[in-house]
Structures are given as structure tokens and as C-alpha cells.
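Engineer:
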Amino acid sequence: MTDLSHHTLILASTSPYRRRLLERLEIAFSCIAPETDETPLPGEAPDALARRLGDAKALAVSAQFPDSYVLGSDQVASLSSAILGKPGSIVKAEEQLRRCSGQSVRFFTAVSLAHQGVTIASRCVVTRVRFRTLSDAEVADYVRREEPLDCAGSFRWEGLGICLFTALESDDPTALEGLPLIATCDMLKSTNINILKTTI
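Numbered according to numbering that gives the first Met the number 0, the sequence shown terminates at residue 199, and the numbering increases by one at each position without gaps.
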């Protein structure tokens, strides 16, 4: 991985999906659990929830490591006004996918960068996923084969879940997997953490 010299980067997450995404940038980083309460506030909109939790995760770890740059991220899925959480069980995953059948679901993926206990940059990327009309047999077969029980929306788009859709609309397809890398690269560059060399 690239040497960040005097910089230290922390991903405020233990998510294997976010870790694998950040590893694509070939930069050194550590992962630390933020231990943040993710309970939505009464009446909180999905995008506001994603932004608040992205900030909260980054700030929670930044308070412990103020000299480091800390990335926090959160994703909230929304069908109409209803928030779709991680199903946690096969029954709930199947139920969630049946609700999404033939519908358009929005995913709000927020990322925040904190330093010295302060949020210095944040973004929220919206991805619209259009689901095919799915039969009960298709839903059951998909959940049995991929077991997406820890995924908001009950699918893994980077795997077999792509078969569930008619279209994806996003400025950054990595956002759907859990961490918008285009926004992340922009935010890191603003702190002089460059992914690519800037001089020859």
C-alpha cells in the first residue's frame, strides 16, 4: 500500500464491504469500530439519517484519535418513505425483496471526513435501484444462494443481486456497495492525501 508519510487514515467501520472498497485505493489505513447508536430519530428523513450517522461515526473515532483523518460512512435504503434496514434473517430478507419487487428504491450513502474532532468534509450520494417484478420463487432462490442478511435492501449488487434489477442510476456505483469512492478520493485529496502521485 502507498505510504502516507505523516498522515494517518482511519476507517470508522468494521464492515468488510467498506474495508474492501477502501483497499481498492491502495492506501494505508486502519479500521476502528465507532460504536455509534444507529437508531433513527423520530420523523428523520432517510438522507438526513445517513448524513447524521456518517458524521457521528467519523467524530466518535476522531475524538479518540484527533491527529488522524477519520472516514465515517453510513447507508440508508428507502422505499417510498419507509426505511429498509438490514434484514438479519431469511424470512425478513424475502419479505423485503417482495416489497421491492417492481419498485424503485433509493439508497443514500453518506461519507464524512473528520480531523481534530471536527467534520471537515461530507458528501451524500444517491443511488436509485429499479427492481424487476420478482416471483416468490426467484426471491427465495436468490436469498438462499447469496444470504444477504447483513445488507440494506437484502441484496449484494456486486454479486448475484444484479439479477434483481432493471436499472441502476448513480453518479458513483461504489456508493451502492457502501462507500462512495469518488467522493472519498475528492475529500482525501483536499487534505493532501493523494491517491496518485502528483509529480513525476
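Ideal placement from N, C-alpha and C gives every residue a C-beta, glycine not left out.
(1) Below 8 Å CB to CB, which residues in the same chain sit around Q63 once its five sequence neighbours on both sides are set aside?
(2) Counting pairs of Cβ atoms below 8 Å between the region 151-171 and the region 90-101, do you hit three or more?
(3) Between the Cα of L163 and the Cα atoms of V142, P172, A57, R17, which residue gives the shortest distance?
(4) In chain order, what residues of the same chain have a beta carbon less than 6 Å from the beta carbon of L48, not counting five sequence neighbours either side?
(5) So, helix, strand or coil for L52, using DSSP?
(6) Taking the alpha-carbon positions, what's the E146 to T198 distance?
(7) Would K188 be called buried (16 or more neighbouring beta carbons within 10 Å of its own) or exposed?
(8) Looking only at its own chain, which residues have a Cβ that is under 6 Å from the Cβ of K56, when we skip the five neighbours before and after it?
(9) Three or more beta-carbon pairs under 8 Å between the region 114-125 and the region 175-182, yes or no?
(10) How long is the line joining the alpha carbons of V60 and E25, rounded to whole angstroms?
(11) What distance in whole Å lies between the Cβ atoms of L133 and S100, which are believed to be in contact at a cut-off of 8 Å?
(12) Can you give me the C-alpha to C-alpha distance between A81 and Y68, rounded to a whole angstrom?
(13) Report yes if the CB atom of L195 is closer than 9 Å to the CB atom of V128, and no otherwise.
(14) Are D140 and R97 touching if we call contact CB-CB under 9 Å?
(15) Short check: CB of F28 to CB of L8, under 9 Å?
(16) On the CB-based measure, 16 or more other CB atoms within 10 Å of its CB, does D66 come out buried or exposed?
(17) Distance, Cα to Cα, T1 vs C184?
(18) So for T73, helix, strand or coil by DSSP?
Structural biologist: Let me spell this out:
(1) Against the sequence shown, residue 63 aligns to sequence position 64. The residues are I31.
(2) yes
(3) Here the question's residue 163 lines up with position 164 in the sequence shown. Checking every option, the nearest Cα to that of L163 belongs to V142.
(4) Start at 1 with the first residue of the sequence shown, and residue 48 comes out as number 49. Here the set comprises P39, V75.
(5) Position 53 of the sequence shown, counted from the start, is the residue given in the question as residue 52. If DSSP states are grouped into helix, strand and coil, L52 belongs with the helices.
(6) Within the sequence shown, numbered from 1, the residue matching residue 146 stands at position 147. Within the sequence shown, numbered from 1, the residue matching residue 198 stands at position 199. Straight-line Cα distance between these residues: approximately 46 Å.
(7) Residue 188 sits at position 189 when you count from the first residue of the sequence shown. So K188 ends up on the exposed side.
(8) Reading the sequence shown from its first residue, position 57 is the one you call residue 56. Counting only Cβ-Cβ distances below 6 Å, and skipping sequence neighbours, we find A11, P33, T35, G71.
(9) yes
(10) Numbered from its first residue, the sequence shown carries residue 60 at position 61. Numbered from its first residue, the sequence shown carries residue 25 at position 26. When rounded, the distance between both Cα atoms is 22 Å.
(11) For the purposes of this step, residue 100 is taken as residue 101 along the sequence shown, with counting starting at 1. For the purposes of this step, residue 133 is taken as residue 134 along the sequence shown, with counting starting at 1. Yes, S100 and L133 are in contact; Cβ-Cβ is about 4 Å, under 8 Å.
(12) Position 82 of the sequence shown, counted from the start, is the residue given in the question as residue 81. Position 69 of the sequence shown, counted from the start, is the residue given in the question as residue 68. Each residue's Cα considered, the two are about 33 Å apart.
(13) In the sequence shown, counting from the first residue as 1, residue 195 sits at position 196. In the sequence shown, counting from the first residue as 1, residue 128 sits at position 129. The answer is no: Cβ separation not under 9 Å.
(14) Start at 1 with the first residue of the sequence shown, and residue 140 comes out as number 141. Start at 1 with the first residue of the sequence shown, and residue 97 comes out as number 98. No.
(15) To locate residue 28, count along the sequence shown from 1; it is residue 29. To locate residue 8, count along the sequence shown from 1; it is residue 9. Taking 9 Å as the Cβ cut-off, F28 and L8 qualify as a contacting pair.
(16) Counting from one through the sequence shown, the residue named residue 66 turns up at place 67. By the neighbour-count rule (16 or more Cβ atoms within 10 Å), D66 is not buried but exposed.
(17) Within the sequence shown, residue 1 is the residue found at index 2, counting from 1. Within the sequence shown, residue 184 is the residue found at index 185, counting from 1. For T1, the predicted model reports a pLDDT of 39, less than 50, meaning its position is unreliable and no value from the coordinates is stated.
(18) Walking along the sequence shown from the start, residue 73 turns up at place 74. Just to set this straight, residue 73 is Asp in the shown sequence, not Thr. The answer is strand: DSSP assigns D73 an E or B state.
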